[in-house]
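Everything on this sheet refers to the single structure shown next.
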Amino acid sequence: MNIMMDDGEILRRTQGLSERGNATRDESARAFDSGDLTELNTAVQIPRKYSALEVLCGVGAVVAFLVFVFLLSWLWPSLRSDSRILVPLGWSAATFLVGLTFAFSHNRRLESVSSSFFLFSVLLAANGLQLVLELVGLHGYYLPQILIAGLLLVSSLLSSVYVRRGVFVLLSIVFGTWLFCGLTSTAAYSLGVGDAEIRILTYSESQLLFFWGCRLIFIGLAYVVLGHLLSKRRPAPLTSVLYGVGTFLCLGTAVVFSGTILPITSPNVFWMVAFLVLVVGALFLSVRIRSRSVVFSVVLCSIFFTFFVTWQYLIWPIIVLVLIWVGYSYWWWTRRKHPSLVG
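Residue numbering for the sequence shown follows the working numbering, beginning at 1 and increasing consecutively.
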């Protein structure tokens with residue numbers, strides 16, 4: 001439900017949106033120059049609060065899903081193979097239809113409930129597709145995952161076109177990442193980089209750093225680019241989260257594989273230099289897109305990097321300072337409790 005506001009209130013809220021990057025200067029200028037504030041008044045609304053009805057509906061959906069999981073696990077041994085497939089896929093279709101019913105009801109109170117049903121539907125569909133592939137006889141470590149992730153990614157993208165919900169954007173990102181990891185792992189196995197399951201312990205040091213490091217950095221960069229593309233939409237879903245997570249993945253990968261935090265390898269100069277380059281690039285990016293989540297990720301990773309790099313040089317001074325503090329505290333406590341014992 002839209003809340004009507006006067007021109008001054010619209011102006012103040014539009015300025016706030018422009019400062020946070022949710023509305024550009026050109027969009028605000030065109031709206032005010034045209035003299036038609038109807039569209040701007042519709043876009044700039046007072047943030048709504050979740051009511052008790054929404055909370056109860058969401059809790060009810062979660063309870064219904066948990067009851068279904070409990071009943072399915074209880075009846076699972078007595079079900080035939082075809083029933084094991086039809087039950088999760090049938091319930092997935094049913095919950096998706098219920099979510100569509102809530103989504104097209106045009107009731108803002110039911111938006112969160114419809115998103116919950118969509119999420120449960122996708123989880124059940126993933127389980128059902130896994131059972132279908134096992135029944136068909138398609139075994140393996142990566143091929144079933146690639147097929148499931150690809151099918152769910154396509155379904156999430158198509159659903160996001162017809163039903164504009166942030167949950168489908170989130171699911172598309174998750175399944176796209178899953179599909180990318182499956183494809184790259186399959187390619188690495190075919191090239192002889194690792195074993196059939198790409199276990200970390202089977203890698204040599206250089207292979208571990210190159211494969212996992214490059215893959216995680218690529219995923220982080222993809223999140224940043226996707227966040228920039230989504231920022232052009234109104235509303236912009238998950239933009240700040242994608243900026244922050246993408247930046248943290250890039251910088252965190254460089255910090256971890258530089259050998260400063262986890263003892264997976266000796267200190268690596270290449271990843272240290274890569275971290276510094278990524279920090280400079282992220283700072284320029286934060287100025288360009290005006291994102292506080294990018295700045296937060298840069299500051300957090302820089303603190304970790306600086307602390308663990310200087311830890312080996314500062315450990316003895318810190319121990320000496322702690323001993324001095326303990327001695328001074330004991331002297332102060334003795335002087336306060338027994339003044340006559342202190343000369």
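We put the beta carbon where it would ideally sit given N, CA and C, even for glycine.
Please say whether ALA103 and SER121 have beta carbons closer to each other than 7 angstroms? Your numbering for residue 121 matches position 121 in the sequence shown. Your numbering for residue 103 matches position 103 in the sequence shown. For the pair SER121 and ALA103, the CB atoms are not nearer than the 7 angstroms cut-off.
Taking the straight line between their C-alpha atoms, what separation do you get for VAL241 and TRP325? The residue given as residue 241 occupies position 241 in the sequence shown. The residue given as residue 325 occupies position 325 in the sequence shown. Cα atoms of VAL241 and TRP325: separation of roughly 42 angstroms, rounded to the nearest angstrom.
If we count Cβ pairs, one from each stretch, closer than 8 angstroms, do we get three or more for the region 243 to 257 versus the region 212 to 224? Verdict: yes, contact present.
CA-to-CA distance, TYR141 to GLU197, given in whole angstroms: Indexing the sequence shown from 1 puts residue 197 at position 197. Indexing the sequence shown from 1 puts residue 141 at position 141. Unreliable placement is indicated for GLU197, whose pLDDT of 45 sits below 50; the coordinate value is still reported in the next sentence. Their backbone Cα atoms lie some 7 angstroms apart in a straight line.
Secondary structure of LEU151, DSSP reduced to three states: Looking up residue 151 in the sequence shown gives position 151. When DSSP states are grouped into helix, strand and coil, LEU151 belongs to the helix group.
Whole angstroms are fine: how far does the CA of SER297 sit from the CA of ARG48? As a first step, residue 48 is located in the sequence shown; it is residue number 48 there, counting from the start. As a first step, residue 297 is located in the sequence shown; it is residue number 297 there, counting from the start. Any reading at ARG48 needs caution, since the residue's pLDDT is 45, under 50, leaving its predicted position unreliable; the model's value is listed next. Those two C-alpha atoms are separated by around 29 angstroms.
Could you give the first and the last residue of the continuous alpha helix (DSSP H) run that contains LEU278? Mapped onto the sequence shown, residue 278 falls at position 278. For LEU278, the uninterrupted alpha helix (DSSP H) segment begins and ends at 269 to 289.
Is the distance from the Cβ of PRO88 to the Cβ of GLY128 below 7 angstroms? The residue you call residue 88 lines up with position 88 of the sequence shown. The residue you call residue 128 lines up with position 128 of the sequence shown. Yes; because the gap between Cβ atoms is below 7 angstroms, this pair is in contact.
Once the 5 residues before and after VAL167 are set aside, which same chain residues still bring their CB inside 7 angstroms of it? Here residue 167 is taken as the residue at index 167 of the sequence shown, counted from 1. So the list reads SER115, PHE118 and LEU119, once near-sequence residues are dropped.
Return the residue from the list TYR223, PHE308, SER81 and VAL277 that minimises the CA-CA distance to VAL174. Position 174 of the sequence shown holds residue 174. When C-alpha distances from VAL174 are compared across TYR223, PHE308, SER81 and VAL277, the shortest belongs to TYR223.
Where does GLY176 fall in DSSP's three states? Mapped onto the sequence shown, residue 176 falls at position 176. Helix.
Inter-residue Cα distance where the pair is ILE146 and GLY281: By 1-based counting over the sequence shown, the position of residue 146 is 146. By 1-based counting over the sequence shown, the position of residue 281 is 281. One C-alpha to the other measures close to 33 angstroms.
State the CB to CB distance for the pair LEU135 and SER81, rounded to an integer number of angstroms; the pair is presumed to be in contact (CB under 8 angstroms). Translated into the one-based positions of the sequence shown, residue 135 becomes position 135. Translated into the one-based positions of the sequence shown, residue 81 becomes position 81. About 6 angstroms; that satisfies the 8 angstroms criterion.
Measure the C-alpha to C-alpha separation of LEU100 and LEU66 and round it to an integer number of angstroms. Residue mapping note: residue 100 aligns to position 100 of the sequence shown, counting from 1. Residue mapping note: residue 66 aligns to position 66 of the sequence shown, counting from 1. Answer to the nearest angstrom: the Cα atoms are 21 angstroms apart.
Contact set for ILE303: own chain, Cβ-Cβ below 8 angstroms, skip 5 residues either direction: Looking up residue 303 in the sequence shown gives position 303. Within the same chain, ILE303 has no close Cβ partners at all.
Reference VAL245, options VAL279, SER286 and SER293, closest by Cα: One-based indexing of the sequence shown puts residue 245 at position 245. With respect to the C-alpha of VAL245, the residue from VAL279, SER286 and SER293 having the closest C-alpha is SER293.
Looking at the structure shown, is SER115 part of a helix, part of a strand, or coil, going by DSSP? In the sequence shown, counting from the first residue as 1, residue 115 sits at position 115. Helix at SER115.
If you count every other CB in all the chains shown that lies within 10 Å of the CB of TYR162, and 16 or more means buried, which is it? By 1-based counting over the sequence shown, the position of residue 162 is 162. Classification for TYR162: exposed.
So for PHE102, helix, strand or coil by DSSP? Residue numbering aside, residue 102 sits at position 102 when the sequence shown is read from its first letter. In this structure, PHE102 counts as helix in the three-state DSSP scheme.
Same chain, Cβ closer than 7 angstroms to LEU183, neighbours up to 5 away in sequence not counted: Locating residue 183 in the sequence shown gives position 183, counting from the first residue. The answer, listed in chain order, is ILE146.
Check SER231 in the structure and name its three-state DSSP category. Walking along the sequence shown from the start, residue 231 turns up at place 231. Reduced to three states, the DSSP call for SER231 is coil.
For SER155, tell me which candidate among PRO144, ALA126, LEU283 and LEU131 has the shortest Cα-Cα distance. The count along the sequence shown starts at 1 and reaches residue 155 at position 155. If you compare the alpha carbons of PRO144, ALA126, LEU283 and LEU131 with that of SER155, the shortest gap goes to ALA126.
Evaluate THR95 with the Cβ neighbour count: other Cβ atoms within 10 Å of its Cβ, from every protein chain shown; 16 or more gives buried, anything less gives exposed. Walking along the sequence shown from the start, residue 95 turns up at place 95. So THR95 ends up on the buried side.
For PHE248, collect the residues of the same chain with a Cβ closer than 8 angstroms to its Cβ; drop the 5 residues on either side in sequence, then sort them by chain order. Indexing the sequence shown from 1 puts residue 248 at position 248. Only GLY220, SER297, LEU300 and CYS301 meet the Cβ criterion.
Would VAL287 be called buried (16 or more neighbouring beta carbons within 10 Å of its own) or exposed? Taking the sequence shown and counting its residues from 1, the one referred to as residue 287 is at position 287. With fewer than 16 other CB atoms across the displayed protein chains lying within 10 angstroms of its CB, VAL287 is exposed.
Should VAL169 and LEU238 be called a contact, given that it needs their Cβ atoms to be closer than 7 angstroms? Residue numbering aside, residue 169 sits at position 169 when the sequence shown is read from its first letter. Residue numbering aside, residue 238 sits at position 238 when the sequence shown is read from its first letter. If you check the CB distance, VAL169 and LEU238 come in under 7 angstroms.
Rounded separation between THR186 and TRP212 - CA only: For the purposes of this step, residue 186 is taken as residue 186 along the sequence shown, with counting starting at 1. For the purposes of this step, residue 212 is taken as residue 212 along the sequence shown, with counting starting at 1. Roughly 13 angstroms separates the two Cα atoms.
Cβ-Cβ distance between SER172 and TYR243 below 7 angstroms: As a first step, residue 172 is located in the sequence shown; it is residue number 172 there, counting from the start. As a first step, residue 243 is located in the sequence shown; it is residue number 243 there, counting from the start. The answer is no: Cβ separation not under 7 angstroms.
Collapsed DSSP secondary structure at TYR189 in the structure displayed: To locate residue 189, count along the sequence shown from 1; it is residue 189. Helix.
Which value, in whole angstroms, describes the spacing of the CA atoms of LEU123 and SER92? Locating residue 123 in the sequence shown gives position 123, counting from the first residue. Locating residue 92 in the sequence shown gives position 92, counting from the first residue. Going from the Cα of LEU123 to the Cα of SER92 covers about 8 angstroms.
Using the rule of at least 16 other Cβ atoms within 10 Å of the residue's Cβ for burial, across every protein chain shown, is PHE70 buried or exposed? What you label residue 70 is simply residue 70 of the sequence shown in a count that begins at 1. PHE70 is classed as exposed because its beta carbon has fewer than 16 other beta carbons within 10 Å across all chains shown.
Whole-angstrom C-beta distance between LEU153 and PRO144, which should lie under 8 angstroms: In the sequence shown, residue 144 corresponds to position 144, counting from 1. In the sequence shown, residue 153 corresponds to position 153, counting from 1. With a Cβ gap of about 15 angstroms, PRO144 and LEU153 do not count as contacting.
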